[in-house]
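Asker: The structure's right below; bear with me while I get my questions together.
There are 4 protein chains.
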Amino acid sequence: MAKKVLITGFDPFGKDIVNPALEAVKKLEGKKFDDVEIVTQEVPTVFHTSIKVVTEAIEKHQPDVVICVGQAGGRTQITPERVAINVDDARIPDNQQNQPIDEAIVEDGPVAYWSTLPVKSMVHHLKEAGIPAAVSNSAGTFVCNHLFYGLMNYLEKNAPHIRGGFIHIPFIPEQTVDNNAPSLGLDTIVKGLEVAAVVAANEKEDIREVGGTIS
Amino acid sequence: MAKKVLITGFDPFGKDIVNPALEAVKKLEGKKFDDVEIVTQEVPTVFHTSIKVVTEAIEKHQPDVVICVGQAGGRTQITPERVAINVDDARIPDNQQNQPIDEAIVEDGPVAYWSTLPVKSMVHHLKEAGIPAAVSNSAGTFVCNHLFYGLMNYLEKNAPHIRGGFIHIPFIPEQTVDNNAPSLGLDTIVKGLEVAAVVAANEKEDIREVGGTIS
Amino acid sequence: MAKKVLITGFDPFGKDIVNPALEAVKKLEGKKFDDVEIVTQEVPTVFHTSIKVVTEAIEKHQPDVVICVGQAGGRTQITPERVAINVDDARIPDNQQNQPIDEAIVEDGPVAYWSTLPVKSMVHHLKEAGIPAAVSNSAGTFVCNHLFYGLMNYLEKNAPHIRGGFIHIPFIPEQTVDNNAPSLGLDTIVKGLEVAAVVAANEKEDIREVGGTIS
Amino acid sequence: MAKKVLITGFDPFGKDIVNPALEAVKKLEGKKFDDVEIVTQEVPTVFHTSIKVVTEAIEKHQPDVVICVGQAGGRTQITPERVAINVDDARIPDNQQNQPIDEAIVEDGPVAYWSTLPVKSMVHHLKEAGIPAAVSNSAGTFVCNHLFYGLMNYLEKNAPHIRGGFIHIPFIPEQTVDNNAPSLGLDTIVKGLEVAAVVAANEKEDIREVGGTIS
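Residue numbers (the working numbering), protein chains in the order written: chain A, 1 to 215; chain B, 1001 to 1215; chain C, 2001 to 2215; chain D, 3001 to 3215.
Written as structure tokens, this is what we have:
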């Protein structure tokens, strides 16, 4: 039976006028790969509202897997995140001028949640496809980690059968013409998210593999 | 009344023949700063044994604060760690050839523990002293994170009145003559650990301050 | 009247099994852009032989412009080189096991030659096309700089009406799956070399523009 | 017979309020190491004036060796420069608001001058002393390269028996508390310049050694 994967992408934040996460997600809307169907959702880069938008999309689409996608400027690889932590600590305001400092995302929530995506297997298949990838051990403390934590908290309480997690992606070249930062082409990112979605929909258990992590 | 701070440092691992953590800790043994007394412990870079050595040192010294120190090659700053996660995922063997892959440190332990050191305040005072510093959100998945998690787990169960946490330090210059990696002088590191120890012994609560974190 | 641009690319060297310069050059063979015709030449990564192969290609094709292309692993941008220096200083052997240390390329040659390509204008147009680019002030001291110097020395003596120079390009993603180095997609590199070729064929003088250089 | 080494350091420029070159040079004033005597000169970070100040100091002190020292923010090592190029291309104004773009330093001067310091031997001895060091192939296109070129041009014409060259040094830790850039302690930099001065005064010829360069 076909599996449904919900992929979400943030709108641009800070000084950026595009967000590669959103650009990539737009290109994936409605795509089908063998038995995997992709649905997508644009997400505002706003604390709390982002969680609300994603949980509503989950209730609407009833997916088998949820993959939230965000930009990690400065990274060179596609990086599935291993763990979400229960803290907001923002160095810049979000898109509605919220800037929480060292606040819990969910009062009395656990310190952290693991991703329930098969992160090592996703990295393994991304590399086999010639796409730079690594498991990351920190999603930061801005809206990306916030949504990731909120997603895992929601799924634990309301839909533990749904797999969920977060993938950070690099800048695209258009964003780096003036700053010497690394980038990855949009086509490569789209292809990478497709690979990740198919792996997440089909692999029953994650693999144990040496390496494949950012140090 | 004088406060006692236990500072621990790992012996060298991998290709390195010195560990700046150990070199710094040796220079701090027995030092007193106003009302703060430093005691130290050398720790083997070995999974599980490292936790055992540190908990025995805690039982022996009965400190007010425990700060474990390890090397994070490639970093430019002194980085107090915010959170320890319950996973061992080693890219190289430890000093007794153990190389756990994606294993829990403590079965049925929580996903993560927060440091109970005042990490933002330590960074604030380090910077005031002219020493590069930032809060880090990932201690990795090797023996450093392992010991950090084991320490917090031990303190939670056995000595919740003792503050504990982990600080990563850069290479020292001697380690980087052939590799173009950043370094920080041993004197600066020793001074930084002294500042961190005094802050941890005396600050009742951490401050909330924008920034001061590695992105 | 149509202009002819000769673009050359090195074969793989060291541990790499592809060279993005060669891959890009293959895709440009025979292409025409308005009044610009591209011809190409594969070049062995070998001291002296590389110069011989390129000068023979110049004599055969009688181009208006010569652009030699090589890989600069670790860079994030397409980087036209400003200056070639008269020294070979190899950290690894070339593809025929030559490893000259601090030797002149041309005995009694000048210390350095400027590129005669419009490097600032190329960078300006690359950025306008959304492609990360910067002028570089060092082509290193391996076969890339060697060929660049040899090319400029040949053109000065034999064909001063022909414009010539060197462009370094980053790794492509396939080369970086295991090493966390930055990369740029092959399509972006090919598009960038096309832009550079058209600018080099048509711009009579270089522009003076602030910035656009690697620091 | 004692050798005299003139070491010069720039005053702060741009956003910086200290210049580690000047701080280091102050500590070296009047020092003697065996048969080597150090004299020093502060230099304004200003195009052309900097050359004038250094040539006047040469005429006053009549040294055997001249080593100009400047800051290269972002580097991790002490880097003797191999070559000076005949171009000013400033991304920020100097301390008197001059900002030349792609202008020759010396009209009709050669494209470049080699350093006449034994750069490989200096790097070799710096590493032996445990100090991170490498030969650099680009001094940039701001006032550092400008002074380096002006120095070599002056020495060629007026005092070819005097050795001269340029050494770039990293930030010191005080400059990096807010920016995650690498640094090197002032004591290490001072020790490194002392080693470099003694090597430059005593080694008759440079060595040929594999490696020791920034890629």
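Glycine included, every Cβ here is placed at the ideal spot set by N, Cα and C.
Among all the DSSP beta bridges, which residues are the ones paired with Asp-1088(B)?
Answerer: Asp-1088(B) pairs with Glu-1103(B).
Asker: Residue range of the alpha helix (DSSP H) that His-3204(D) falls in?
Answerer: One point to set straight first is that residue 3204(D) is Lys, not His, in the sequence displayed. Here Lys-3204(D) belongs to no alpha helix (DSSP H), and DSSP marks it neither H nor E.
Asker: Anything in the stretch 2129-2148 of chain C with a Cβ closer than 8 angstroms to a Cβ of chain A? List those residues in chain order, please.
Answerer: Cβ contacts with chain A: Gly-2130, Ile-2131, Pro-2132, Ala-2133, Ala-2134.
Asker: Looking at chain D, is there any beta carbon in it that lies within less than 8 angstroms of the beta carbon of Gly-2150(C)?
Answerer: It does not; no Cβ of chain D falls within 8 angstroms.
Asker: So Val-2143(C) packs on Phe-2033(C), CB below 8 angstroms; how close in whole Å?
Answerer: Contact flag wrong, Cβ pair sits at about 29 angstroms.
Asker: When the Cα atoms are used, what is the spatial distance from Leu-1155(B) to Ile-1162(B)?
Answerer: Approximately 7 angstroms, taken between the alpha carbons.
Asker: Taking DSSP's pairing of strands, which residues face Arg-2163(C) in a bridge?
Answerer: Answer is Val-2065(C), bridged to Arg-2163(C).
Asker: Apply the 10 Å Cβ neighbour rule to Gly-2030(C) and answer buried if 16 or more other Cβ atoms are within range, or exposed otherwise.
Answerer: Gly-2030(C) is exposed by the Cβ-count criterion.
Asker: With a threshold of 8 angstroms between beta carbons, is Tyr-154(A) in contact with chain B?
Answerer: No, Tyr-154(A) lies away from the interface with chain B (no Cβ there is under 8 angstroms from its Cβ).
Asker: In the DSSP assignment, what are the bridge partners of Phe-2010(C)?
Answerer: Answer by DSSP bridge pairing, in chain order: Val-2043(C).
Asker: Could you work out which residue in Pro-3132(D), Glu-3023(D), Leu-3006(D) is closest to Pro-3063(D) when comparing CA atoms only?
Answerer: Taking only the C-alpha atoms, the option nearest Pro-3063(D) is Leu-3006(D).
Asker: Give the residues from the stretch 160-180 of chain A that approach chain B closer than 8 angstroms (Cβ to any Cβ), ordered along the chain.
Answerer: Taking 8 angstroms as the Cβ-Cβ cut-off against chain B, none of the residues of the stretch 160-180 of chain A qualify.
Asker: Output yes if chain D places a C-beta closer than 8 angstroms to the C-beta of Gln-1041(B); else output no.
Answerer: Output row for Gln-1041(B): interface = no.
Asker: Leaving out five residues before and five after Val-2083(C) in sequence, what residues of the same chain have Cβ atoms less than 8 angstroms from its Cβ?
Answerer: Excluding sequence neighbours, Val-2083(C) sits near Ala-2112, Tyr-2113, Trp-2114, Ser-2115, Asn-2137, Ser-2138, Ala-2139.
Asker: Which word fits Gly-2070(C), buried or exposed, when buried means at least 16 other C-beta atoms lie within 10 angstroms of its C-beta?
Answerer: Counting Cβ neighbours within 10 Å, Gly-2070(C) comes out buried, since at least 16 surround it.
Asker: Looking at the C-beta of Gly-1185(B), does it have a partner C-beta in chain D at a distance below 8 angstroms?
Answerer: Yes, its Cβ sits closer than 8 angstroms to a Cβ of chain D.
Asker: In the DSSP assignment, find the unbroken alpha helix (DSSP H) run with Ala-2024(C) in it and report its ends.
Answerer: First-last of the alpha helix (DSSP H) with Ala-2024(C): 2020-2028.
Asker: Can you give me the Cβ contacts of Glu-2037(C) inside the same chain, cut-off strictly under 6 angstroms, excluding the 5 residues immediately before and after it?
Answerer: Counting only Cβ-Cβ distances below 6 angstroms, and skipping sequence neighbours, we find Ala-2002, Lys-2004.
Asker: If you draw a straight line from the alpha carbon of Phe-2148(C) to that of Gly-3150(D), how long is it in whole angstroms?
Answerer: C-alpha separation (whole angstroms): 26 angstroms.
Asker: In the DSSP assignment, find the unbroken alpha helix (DSSP H) run with Glu-81(A) in it and report its ends.
Answerer: Per DSSP, Glu-81(A) belongs to no alpha helix (DSSP H) and is neither H nor E.
Asker: Take every Cβ of the stretch 1191-1207 of chain B, pair it with every Cβ of the stretch 1118-1133 of chain B, and state whether three or more of those distances are shorter than 8 angstroms.
Answerer: Yes: the two stretches touch, three or more of their Cβ pairs being nearer than 8 angstroms.
Asker: Quick one: using the 10 Å Cβ neighbour count with 16 as the cut-off for buried, is Asn-2158(C) buried or exposed?
Answerer: By the 10 Å Cβ count, Asn-2158(C) comes out exposed.
Asker: Would you identify the three-state DSSP class for His-1124(B), choosing helix, strand or coil?
Answerer: Helix at His-1124(B).
Asker: Where does Asn-239(A) land, buried or exposed, given buried means 16+ other C-beta within 10 angstroms?
Answerer: The structure shown does not extend to residue 239(A), since chain A is modelled only from 1 through 215, so no value can be given for it.
Asker: Taking Gln-3077(D) as the query, report the chain B residues whose CB atoms sit under 7 angstroms from its CB, ordered along the chain.
Answerer: Neighbours of Gln-3077(D) on chain B, chain order: Asn-1180.
Asker: Please name the residue in Pro-182(A), Asp-108(A), Thr-49(A) whose C-alpha comes closest to that of Pro-170(A).
Answerer: Selected option, being the one with the closest Cα: Pro-182(A).
Asker: What whole-angstrom Cβ distance do Asn-2098(C) and Thr-2045(C) have, given they're in contact under 8 angstroms?
Answerer: 10 angstroms between Cβ atoms; not a contact.
Asker: Opposite Val-112(A) in the DSSP bridges: which residues?
Answerer: Looking at the sequence shown, residue 112(A) is not Val but Ala. According to DSSP, Ala-112(A) bridges with Ile-85(A).
Asker: Count the other CB atoms within 10 Å of the CB of Arg-3208(D); is the residue buried (16 or more) or exposed (fewer)?
Answerer: Burial call: exposed.
Asker: Give the residues of chain A in contact with Ile-2214(C), contact being defined as C-beta atoms less than 9 angstroms apart.
Answerer: Simply Asn-180.
Asker: How many angstroms separate the CA atom of Val-3018(D) from the CA atom of Pro-1173(B)?
Answerer: Rounded to the nearest angstrom, the two C-alpha atoms are 22 angstroms apart.
Asker: For a cutoff of 8 angstroms on Cβ pairs, would you count Lys-3127(D) as touching chain B?
Answerer: By this cut-off, Lys-3127(D) is an interface position.
Asker: Would you give the residue range spanned by the alpha helix (DSSP H) that His-48(A) belongs to?
Answerer: Neither: His-48(A) is in no alpha helix (DSSP H) and is coded neither H nor E.
Asker: Could one say the Cβ of Thr-188(A) lies closer than 8 angstroms to chain C's Cβ atoms, at least one of them?
Answerer: Yes, contact with chain C.
Asker: How long is the line joining the alpha carbons of Val-1087(B) and Val-1135(B), rounded to whole angstroms?
Answerer: One C-alpha to the other measures close to 21 angstroms.
Asker: Just verifying my parser: in three-state terms, what is the DSSP assignment at Ala-3181(D)?
Answerer: If DSSP states are grouped into helix, strand and coil, Ala-3181(D) belongs with coil.
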